[in-house]
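Just so you know, the sequence shown maps onto residues 1 to 689 in full-length UniProt numbering.
Quick reminder that beta carbons are idealized off the backbone N, C-alpha and C, glycines included.
Heads up, the thing below is written out as structure tokens.
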Amino acid sequence: MSKNTSRNCYSYKDFIALIAEKPKAAEKIALALGSYGKLEKCRYYKVPYYVIRSDGRTILILPSAGHLFGPSTTGRGVPIVKIVWKPLWEFDKAAYYTKTYYMMMSSILPNAGSYINACDFDIEGSVIGYKIIESFGDVKKAKRMKYSTLTKNDIIDAFNKLSPLDLENVNAGYARHELDWLWGINVSRLLMKSFKNETNKSISLSAGRVQSPTLAEAIRRWIEINLYLPKPFLSILILGEYDGKRFLITPKNWSPKTISEAKEIKKFLEKNPVLNVDDYQESKEKVPPPPAFNLGDLQKESSRIYGFSPFKTQSIAEELYLETLISYPRTNSQKLPKTINYKQIINDLSKQSYKNLIDTLLKETQGKLNPVQGREDDPAHPAIYPTGEVPKKIYGDYLKIYDLIVRRFLSAFSKEAILGKSYVTLSDNENRKYKAEGLVVMEEGWLKYYTFSYPKINEIPVLRKNDKVKIIKVDLKTIWPKINVSLSRTSLLRWMERVNIGTEATRARIIELLYKRKYLINKGRNTEITNLGYAVYKAIELVSKELISPELTRNFEEKLDLISKGKYTKDEIVNEAKEFLTKIIKEKLNDKSIGKSLAIALGIEKPEEMCYICKREAKHKVLNYSLCDFHFMALSKIKENIADLVNILEDNDVNILKELSENKSIGLWIRETSKFLINNDIKIQNLKV
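And the structure:
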């Protein structure tokens, strides 16, 4: 063995080579299996690996650094369909650090007598381990090791229950990588070539099989948000009092149609400050405990509670897994199987800061631990659960995510919460109807453990028919409804889950890539689309609308899933993608509009006309002013709604436009266009748009 190997290590033959996905996983596996015999830590070019010798056999535990190989090509130009898998360090500068791992594997593995792929049990782990064994060993002598935690007991159990290689997962993984690579290199090269043909300049542009539809959805949301123009409604807010208890009362299924009507009702209520109780109802709602987390649920909850991005949450969860604190996090399952030793885990957790909670849980369940099961399942791994191991080196945000997982796990064993709801209908002397609603927690159930979902308490007095409620105060409020569409990392994650593109392991990374590429940027609490992001989207749309459609991506996702079930071969799906991409690339190879669109959007070339408001390319003329698509759409929307706004608010056009230009509840382009109309003294109702 190399002189860089430590003194107490030497060359072995006919040993068992166990491949772990990462150095920390290799260390945990080595420590778990160390009970079989003498454990030594060795190094090869600073890469640590482990040797266990016992009863005449030798086990070498070798870490990878994730993927050591990836699809590449020797071809230039476009379209490219020839794929060659190469060491990542040979063609990707960012992956050069993997060279030492590659060299270590290439030096040690040829001498092994058998092989174990002990990388994470998912499609990526299957590909990582298989490709390493295929390149430097013999896959015919290889087995698969499956585990969901890195605890000693689970690792020993998995080592004693090896199974054949999961070749369907390997083929599905190969196909996914090759599809993503074909999409990325062909569409990206077409965009860059088109741009260079138009401008004689080079630029780095990126498109992707899942990335491009996600960018398109981000832009759809961005446009909807910036063109948002709601119709306001007028609300009457009444502070009522009964038996010394005050509570909020609002109109029931109606609102004043105009400001003057609202003022008349307010005046009437102030002169007649009593409401009659028409009906009072109480009910109970049973709220079942939520299931243990899958990755998507964990990402959404940590965003809601702590504002963490999906990528940050996933990264933290993966570190907690490698620290043996939780089970494998990249799972879609919301189910906890009976094979898990819950009693032991809960006993171990009671030695941490959860003792009081666990004492309460054991008393509540009388020691019968039957977790609620969610709908989602994953054949590879259960829902995320804590192992019971004591955290030693985690602080801050890591502790927050760990605590979230523990509390959600505990709540799954608890009973349902019971909410008390009350609802009262009231009327004034002119028989206008009003309502008030109350909510209290009658039995906490699972809410004791997962307090992050505790509802907002709103108590109202117990009332009877014909009781009289005193009016203390009446307020009028003009309410502009807030948009129910959002653009954020978490909203994009929800969308990807809903339309079924990407996987639980890849979605957060793809979303993060859009920010890294500067297609999306954070602006305060909001996400904005950059000129570059919009330029790439429009260029891809010119190539083929199918490329930004979730339907095409989902179709291939479903076929990739069927490869893992043995119903398609890798070559069938990859060849279908090659044919599709080759056809559209050849059709658009000489389309000058793609390069022109990119050059104008990125400010390299000046458009024939520029928008008076934002300086983007203008395609519309209004009076003597040029407007871009966005501000022309905004102008059309204002024109369409101005009469209703004048009627509701009982004000003139100018004051309405001033309100629109300053109201942050309204879309940016609506605000900008309103300001443009005011500053240029343009009468909106006389415009033809």
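Closer than 7 Å to a non-hydrogen atom of the ligand NAP - does that hold for the CB of residue 559?
Looking for the ligand NAP in the displayed structure turns up nothing, as the structure carries no ligands at all.
What are the boundary residues of the alpha helix (DSSP H) that includes residue 23?
Within the sequence shown, the letter at position 23 stands for residue 23. Here the alpha helix (DSSP H) through residue 23 covers 23-33.
Residue of 301, 74, 92 and 413 minimising C-alpha distance to residue 84
The residue given as residue 84 occupies position 84 in the sequence shown. Ranking the options by Cα distance to residue 84, first place goes to 74.
With 16 other CB atoms within 10 Å as the buried threshold, where does residue 94 fall?
The count along the sequence shown starts at 1 and reaches residue 94 at position 94. The residue is exposed, with fewer than 16 neighbouring Cβ atoms inside 10 Å.
Leaving out five residues before and five after residue 324 in sequence, what residues of the same chain have Cβ atoms less than 8 Å from its Cβ?
Translated into positions along the sequence shown, residue 324 becomes position 324. Result list for residue 324: 28, 149, 150, 151, 387 and 389, in chain order.
Check residue 235 in the structure and name its three-state DSSP category.
Mapped onto the sequence shown, residue 235 falls at position 235. Here residue 235 sits in strand by DSSP.
Using a Cβ-Cβ cut-off of 8 Å (strictly less than) and excluding sequence neighbours within five positions of residue 691, which residues of its own chain qualify?
Residue 691 lies beyond the range of the chain shown here (1 to 689); nothing can be said about it.
As assigned by DSSP and simplified to three states, the class of residue 209
Working through the sequence shown from its first residue, we reach residue 209 at position 209. Here residue 209 sits in coil by DSSP.
Euclidean distance between Cα positions of residue 485 and residue 667:
Here the question's residue 485 lines up with position 485 in the sequence shown. Here the question's residue 667 lines up with position 667 in the sequence shown. Residue 485 and residue 667: Cα-Cα distance of roughly 12 Å.
To which residues of the same chain is residue 197 closer than 7 Å at the C-beta, ignoring the five residues directly before and after it?
Counting from 1 along the sequence shown, the entry for residue 197 is found at position 197. 595, listed in sequence order.
Give me whichever residues DSSP pairs with residue 390 in a beta bridge.
As a working note, residue 390 is residue 390 in the sequence shown. Bridge partners of residue 390: none, in fact.
Compute the Euclidean distance between the alpha carbons of residue 8 and residue 17, then round it to the nearest angstrom.
For the purposes of this step, residue 8 is taken as the residue at position 8 of the sequence shown. For the purposes of this step, residue 17 is taken as the residue at position 17 of the sequence shown. At residue 8 the pLDDT is 46, less than 50, meaning the model places this residue with poor confidence; the figure from the coordinates comes in the next sentence. Cα-Cα distance, rounded: 18 Å.
Boundaries of the beta strand (DSSP E) in which residue 36 is found, first to last residue
Here residue 36 is taken as the residue at index 36 of the sequence shown, counted from 1. Counting along the chain, residue 36 falls outside any beta strand (DSSP E), and DSSP gives it neither H nor E.
Looking at the secondary structure, which residues open and close the beta strand (DSSP E) in which residue 195 lies?
Here residue 195 refers to the residue found at position 195 of the sequence shown. Run containing residue 195: none in the beta strand (DSSP E); it sits in the alpha helix (DSSP H), 167-199.
Residue 36 to residue 154, Cα distance in whole Å?
As a first step, residue 36 is located in the sequence shown; it is residue number 36 there, counting from the start. As a first step, residue 154 is located in the sequence shown; it is residue number 154 there, counting from the start. Their Cα atoms are separated by approximately 15 Å.
Give the secondary structure of residue 278 by DSSP, where H, G and I count as helix, E and B as strand, and everything else as coil.
Within the sequence shown, residue 278 is the residue found at index 278, counting from 1. It is a strand residue.
Please return the same chain residues whose Cβ sits closer than 7 Å to the Cβ of residue 582, not counting the five positions on each side in sequence.
Taking the first residue of the sequence shown as 1, we reach residue 582 at position 582. Same-chain partners within the cutoff: 79 and 81.
Pull up the CB-CB distance for residue 195 and residue 113, whole angstroms please, since I reckon it's below 8 Å.
The count along the sequence shown starts at 1 and reaches residue 195 at position 195. The count along the sequence shown starts at 1 and reaches residue 113 at position 113. Not really, about 54 Å apart at Cβ, beyond 8 Å.
Buried or exposed for residue 640, going by 16 or more other Cβ atoms inside 10 Å?
As a working mapping, residue 640 is identified with position 640 in the sequence shown. Classification for residue 640: exposed.
For residue 98 and residue 570, the rounded distance between their alpha carbons:
On the sequence shown, residue 570 is found 570 positions in, with the first residue counted as 1. On the sequence shown, residue 98 is found 98 positions in, with the first residue counted as 1. The alpha-carbon atoms of residue 570 and residue 98 are separated by roughly 27 Å.
Once you ignore the five residues that flank residue 284 on each side, which residues in its own chain have a CB closer than 8 Å to its CB?
What you label residue 284 is simply residue 284 of the sequence shown in a count that begins at 1. Result list for residue 284: 418, 419, 420, 421 and 442, in chain order.
Run through DSSP, which three-state label would residue 610 get?
Locating residue 610 in the sequence shown gives position 610, where the first residue counts as 1. Strand at residue 610.
Start and end of the alpha helix (DSSP H) containing residue 396?
Within the sequence shown, numbered from 1, the residue matching residue 396 stands at position 396. Element bounds for residue 396: 396-411.
On the DSSP bridge list, what partners appear for residue 438?
In the sequence shown, residue 438 corresponds to position 438, counting from 1. According to DSSP, residue 438 bridges with 422.
Taking Cβ to Cβ, would you say residue 116 is nearer than 8 Å to residue 143?
Within the sequence shown, residue 116 is the residue found at index 116, counting from 1. Within the sequence shown, residue 143 is the residue found at index 143, counting from 1. Yes. Within cutoff.
Determine the DSSP secondary structure at residue 580, reduced to helix, strand or coil.
Taking the sequence shown and counting its residues from 1, one reaches residue 580 at position 580. Residue state, collapsed to three classes: helix.
Give me the DSSP bridge partner(s) of residue 222.
Counting from one through the sequence shown, the residue named residue 222 turns up at place 222. DSSP lists no partner for residue 222.
Pull up the distance between the alpha-carbon of residue 530 and that of residue 201, whole angstroms please.
Position 530 of the sequence shown, counted from the start, is the residue given in the question as residue 530. Position 201 of the sequence shown, counted from the start, is the residue given in the question as residue 201. A direct Cα-Cα distance of roughly 20 Å separates residue 530 from residue 201.
To the nearest angstrom, report how far apart residue 695 and residue 347 are at their CA atoms.
This structure gives no information on residue 695, because the portion of the chain shown stretches from 1 to 689.
C-alpha gap between residue 404 and residue 678, whole angstroms:
On the sequence shown, position 404 is the one that residue 404 refers to. On the sequence shown, position 678 is the one that residue 678 refers to. The alpha-carbon atoms of residue 404 and residue 678 are separated by roughly 51 Å.
For residue 520 and residue 647, the rounded distance between their alpha carbons:
Position 647 of the sequence shown, counting from 1, holds the residue named residue 647. Position 520 of the sequence shown, counting from 1, holds the residue named residue 520. If I take the Cα positions, the gap works out to 39 Å.
Verify whether the separation of the beta carbon atoms of residue 468 and residue 278 is less than 8 Å.
For the purposes of this step, residue 468 is identified with residue 468 of the sequence shown, where counting begins at 1. For the purposes of this step, residue 278 is identified with residue 278 of the sequence shown, where counting begins at 1. No; because the gap between Cβ atoms is not below 8 Å, this pair is not in contact.
Leaving aside the five residues before and after residue 226 along the sequence, list all residues of the same chain whose C-beta is less than 6 Å from its C-beta, in chain order.
Working through the sequence shown from its first residue, we reach residue 226 at position 226. 667, 668 and 669.
Return the first residue and the last residue of the alpha helix (DSSP H) that residue 630 is part of.
Stepping through the sequence shown from its first residue, residue 630 is reached at position 630. Unbroken alpha helix (DSSP H) run through residue 630: 629-649.
When the Cα of residue 161 is compared with those of 180, 118 and 290, which residue comes out closest?
Position 161 of the sequence shown, counted from the first residue, corresponds to residue 161. Out of 180, 118 and 290, 118 has the C-alpha closest to the C-alpha of residue 161.
Beta-carbon proximity check, residue 139 vs residue 165, cutoff 8 Å
Within the sequence shown, the letter at position 139 stands for residue 139. Within the sequence shown, the letter at position 165 stands for residue 165. Contact flag set, yes.
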